[in-house]
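S.K.:
Numbering (the numbering used here), first residue to last: 36 to 579.
1. Where does residue 127 fall in DSSP's three states?
2. Looking at the structure shown, is residue 407 part of a helix, part of a strand, or coil, going by DSSP?
3. Buried or exposed: residue 269, going by 16 or more other Cβ atoms within 10 Å of its Cβ?
4. Could you check where the alpha helix (DSSP H) with residue 109 kicks off and where it finishes?
5. Short check: CB of residue 506 to CB of residue 487, under 9 Å?
6. So, using beta-carbon positions, are residue 102 and residue 157 closer together than 9 Å?
7. Just to check my reading of the structure: residue 235 and residue 181 have Cβ atoms closer than 8 Å, yes? What is that Cβ distance to the nearest angstrom?
8. Name the two residues that bound the continuous alpha helix (DSSP H) containing residue 527.
9. Determine the burial state of residue 385: buried for a count of at least 16 other Cβ atoms within 10 Å of its Cβ, exposed for fewer.
10. Output yes or no for whether 9 Å exceeds the beta carbon distance between residue 484 and residue 513.
11. Looking only at C-alpha atoms, which of 137, 112, 177 sits nearest to residue 144?
12. If you follow the beta strand (DSSP E) that residue 81 is in, where does it begin and where does it stop?
13. Among 67, 230, 482, 391, whose alpha-carbon lies nearest the alpha-carbon of residue 520?
14. Output needed for residue 564: all residues of its chain with C-beta closer than 8 Å, excluding positions within five of it in sequence on either side, in chain order.
15. Quick one: what's residue 132 bridged to in DSSP?
16. Expressed to the nearest angstrom, what Euclidean distance is found between the alpha-carbon atoms of residue 549 and residue 543?
17. What are the start and end residues of the beta strand (DSSP E) that includes residue 276?
18. Along the chain, where does the alpha helix (DSSP H) that runs through residue 227 open and close?
19. What is the rounded straight-line gap between the Cα of residue 200 and the Cα of residue 89?
20. Taking the continuous beta strand (DSSP E) assigned at residue 43, which residues delimit it?
21. Using CA coordinates, which residue listed in 417, 381, 408, 409 is at the minimum distance from residue 396?
22. Roughly how many angstroms lie between the CA atoms of residue 39 and residue 444, to the nearest whole one?
23. Taking only three categories from DSSP, how would you classify residue 600?
24. Mind checking which residues open and close the beta strand (DSSP E) that includes residue 498?
25. Here's a check: name, in chain order, each residue in its chain whose Cβ is nearer than 8 Å to the Cβ of residue 191, leaving out the five neighbours to either side.
26. Taking residue 211 as the reference, give the member of 186, 153, 79 with the closest Cα.
27. Could you compute how far the alpha carbon of residue 555 sits from the alpha carbon of residue 541?
28. Spatial neighbours of residue 409 within its chain, please: C-beta separation below 7 Å, excluding the five flanking residues on both sides.
29. Roughly how many angstroms separate the alpha carbons of residue 569 and residue 559, rounded to a whole number?
30. For the beta strand (DSSP E) holding residue 210, just list the boundary residues, first then last.
31. Quick check: what's the CA-CA separation for residue 79 versus residue 241?
32. May I ask you to verify whether the region 456 to 476 touches the region 490 to 497, counting CB pairs closer than 8 Å and requiring at least 3?
33. Residue 561 to residue 572, Cα distance in whole Å?
34. What does DSSP give as the partner residues of residue 469 in its beta bridges?
35. With distances taken between CB atoms, is the gap from residue 414 to residue 253 smaller than 9 Å?
36. Run through DSSP, which three-state label would residue 521 get?
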């Protein structure tokens, strides 16, 4: 699978109102080098220059970038001609960004000839949105380190700016160095957020095989609290592999196993003596008595050391484990107290962080009350949230994959673009909830209250919808591929507004048996019932 990246770093600007910069070229070159060396990316650079000594390419500090040049490269990246479409495409930009308020606010990325007041020769962010929507690339990555970068994500429920809304993309990663109304700042060598981004792409900080977009955004979030600006993120779909992790952290391993290594070295030394002693050759016969004595002492010494280290080790690790558990419990109590104290507050970063910390500690959040909270973009995979009150909570772009939300209250919640893959939502109350463009593949929604729920363009493939309440449920353009639907109050028209409904399994209730029976003729019945055809056919190009 091919992986392409375009890194842009612009230091030089002709408009005196913008002014020249010093960090963007360093930013782009460092990101490009990291992606090419450890991420298997083919990297294009702007502005680009060639080193005559070794024919290598680099980001040119003295170079300039035109609007036509930038647009052309972006089209080549995200919408290339021909059949060889990259599986993953990444666009990184460091330079000036700005907004113009002229009745309608528009955001721009500044090229070298950009005009700050008119926006001429600057790249409109809505143009970039449209390009991403039309792009056939499955994995789309956008990293912007510039002022007003968050403007890219500032559309109604992110639907207009969400790649893949109408076409192909499934997995996405957006990182904006600041919100739409904020400035981004340069450091001494790198820009502030790019410096943290590069740290987050350092394979030495991780275990496993890959650094993914979810791990990277977690790192940036946890390490940017000291900044004046506030980076924002959107991750949707499955994890995207970014950087290979080529080694394990042996430093910590060796530190924790010092005693074992010392014992091993002693055993090796004495085994060598034993081997020499047993090799009964003419050369060692004369030394036999001396070696015999050394072996006896060595073996005795090894046994004593092994017993001592074992006894010390048991007590040592027991004490350490007790200390770790006490410390862990104190953290748990602290985080739960933060959540309790911040109830009723809509925006609370401390609560947001506490929830993610509790999840990493493996603690249950059963019965927790987070009503009306702003938890946009939170990462809580595999979390126990049974009976939790999440009514009217903002969970846009949240990662709740494999979470247990059985009997949870999610009425009026906003779960647009959320990752709910394999999530347990049995008996959950999702009345009036918004799940447009959410990923609910393989989720369990049996007996859930879906009254007035908006599933437009959601992925409902392989979902169990048995006994769910479908009153006024919006299924327009949703993917029903291989879903399991028990027909009670869902209408044919509702089903036909969705995509791939012909591949779903439909069941009806047989009162004589009584049990649910697979209706093998349901699809044909719906096809023949022309009166139930929707006025507007669904747009299913995304699910092709």
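We put the CB at the ideal spot given by N, CA and C, even for glycine. None of the values given here were measured: they were computed from a predicted structure.
M.R.: Answer, in terms of the structure:
1. To locate residue 127, count along the chain shown from 1; it is residue 92. Residue state, collapsed to three classes: strand.
2. Numbered from 1 along the chain shown, position 372 holds the residue referred to as residue 407. The answer is coil: DSSP assigns residue 407 none of H, G, I, E or B.
3. Within the chain shown, the letter at position 234 stands for residue 269. Answer is buried; the Cβ neighbour count reaches 16.
4. One-based indexing of the chain shown puts residue 109 at position 74. Start and end: 102 to 113.
5. Position 471 of the chain shown holds residue 506. Position 452 of the chain shown holds residue 487. Yes.
6. In the chain shown, residue 102 corresponds to position 67, counting from 1. In the chain shown, residue 157 corresponds to position 122, counting from 1. A contact, by the Cβ cut-off of 9 Å.
7. In the chain shown, counting from the first residue as 1, residue 235 sits at position 200. In the chain shown, counting from the first residue as 1, residue 181 sits at position 146. The C-beta distance from residue 235 to residue 181 rounds to 18 Å, too long to fall under 8 Å, and the pair is not in contact.
8. Here the question's residue 527 lines up with position 492 in the chain shown. First-last of the alpha helix (DSSP H) with residue 527: 527 to 531.
9. Walking along the chain shown from the start, residue 385 turns up at place 350. Label assigned to residue 385: exposed.
10. On the chain shown, position 449 is the one that residue 484 refers to. On the chain shown, position 478 is the one that residue 513 refers to. No; because the gap between Cβ atoms is not below 9 Å, this pair is not in contact.
11. Reading the chain shown from its first residue, position 109 is the one you call residue 144. Comparing Cα positions, the closest option is 177.
12. Walking along the chain shown from the start, residue 81 turns up at place 46. First-last of the beta strand (DSSP E) with residue 81: 77 to 81.
13. Here residue 520 refers to the residue found at position 485 when the chain shown is read from its first residue. When each option's Cα is compared against that of residue 520, the closest is 482.
14. For the purposes of this step, residue 564 is taken as the residue at position 529 of the chain shown. Counting only Cβ-Cβ distances below 8 Å, and skipping sequence neighbours, we find 527.
15. Mapped onto the chain shown, residue 132 falls at position 97. In DSSP, residue 132 forms a bridge with 144.
16. Taking the chain shown and counting its residues from 1, one reaches residue 549 at position 514. Taking the chain shown and counting its residues from 1, one reaches residue 543 at position 508. Near 11 Å, if we compare the C-alpha coordinates of residue 543 and residue 549.
17. As a first step, residue 276 is located in the chain shown; it is residue number 241 there, counting from the start. Residue 276: member of the beta strand (DSSP E) spanning 276 to 279, first to last residue.
18. Numbered from its first residue, the chain shown carries residue 227 at position 192. 227 to 235 is the span of the alpha helix (DSSP H), which, as asked, contains residue 227.
19. Along the chain shown, one-based indexing puts residue 200 at 165. Along the chain shown, one-based indexing puts residue 89 at 54. Only weak support is given to the placement of residue 200: the predicted model assigns it a pLDDT of 44, under 50, and the question is left unresolved by the model.
20. On the chain shown, position 8 is the one that residue 43 refers to. Taken as a continuous stretch (DSSP letters only), the beta strand (DSSP E) holding residue 43 covers 38 to 44.
21. Counting from one through the chain shown, the residue named residue 396 turns up at place 361. It is 417.
22. The residue labelled residue 39 in the question sits at position 4 within the chain shown. The residue labelled residue 444 in the question sits at position 409 within the chain shown. Answer to the nearest angstrom: the Cα atoms are 42 Å apart.
23. Since the first and last residues shown for the chain are 36 and 579, residue 600 lies out of range.
24. Your numbering for residue 498 matches position 463 in the chain shown. No beta strand (DSSP E) holds residue 498; DSSP gives it neither H nor E.
25. Against the chain shown, residue 191 aligns to sequence position 156. For residue 191, the predicted model reports a pLDDT of 41, less than 50, meaning its position is unreliable; a value from the coordinates is still stated below. Closer than 8 Å at the Cβ level, and outside the excluded window around residue 191, lies no residue.
26. Here residue 211 refers to the residue found at position 176 of the chain shown. Among 186, 153, 79, the Cα nearest to that of residue 211 is on 186.
27. Position 520 of the chain shown, counting from 1, holds the residue named residue 555. Position 506 of the chain shown, counting from 1, holds the residue named residue 541. Rounded to the nearest angstrom, the two C-alpha atoms are 8 Å apart.
28. Here residue 409 refers to the residue found at position 374 when the chain shown is read from its first residue. Close CB contacts of residue 409 within its chain, under the 7 Å cut and outside five residues either way in sequence, are with 381, 382, 429 (chain order).
29. Here the question's residue 569 lines up with position 534 in the chain shown. Here the question's residue 559 lines up with position 524 in the chain shown. About 16 Å.
30. In the chain shown, residue 210 corresponds to position 175, counting from 1. Where residue 210 is concerned, the enclosing beta strand (DSSP E) stretches over 206 to 211.
31. In the chain shown, the residue the question calls residue 79 occupies position 44. In the chain shown, the residue the question calls residue 241 occupies position 206. Whole-angstrom Cα-Cα distance: 27 Å.
32. Contact holds between the region 456 to 476 and the region 490 to 497, because three or more Cβ pairs, one in each stretch, are under 8 Å apart.
33. Taking the chain shown and counting its residues from 1, the one referred to as residue 561 is at position 526. Taking the chain shown and counting its residues from 1, the one referred to as residue 572 is at position 537. When rounded, the distance between both Cα atoms is 15 Å.
34. Position 434 of the chain shown, counted from the start, is the residue given in the question as residue 469. Beta-bridge pairing links residue 469 to 449, 489.
35. In the chain shown, the residue the question calls residue 414 occupies position 379. In the chain shown, the residue the question calls residue 253 occupies position 218. Their beta carbons are under 9 Å apart, which means residue 414 touches residue 253 by this criterion.
36. Residue mapping note: residue 521 aligns to position 486 of the chain shown, counting from 1. Residue 521: strand per DSSP, three-state reduction.
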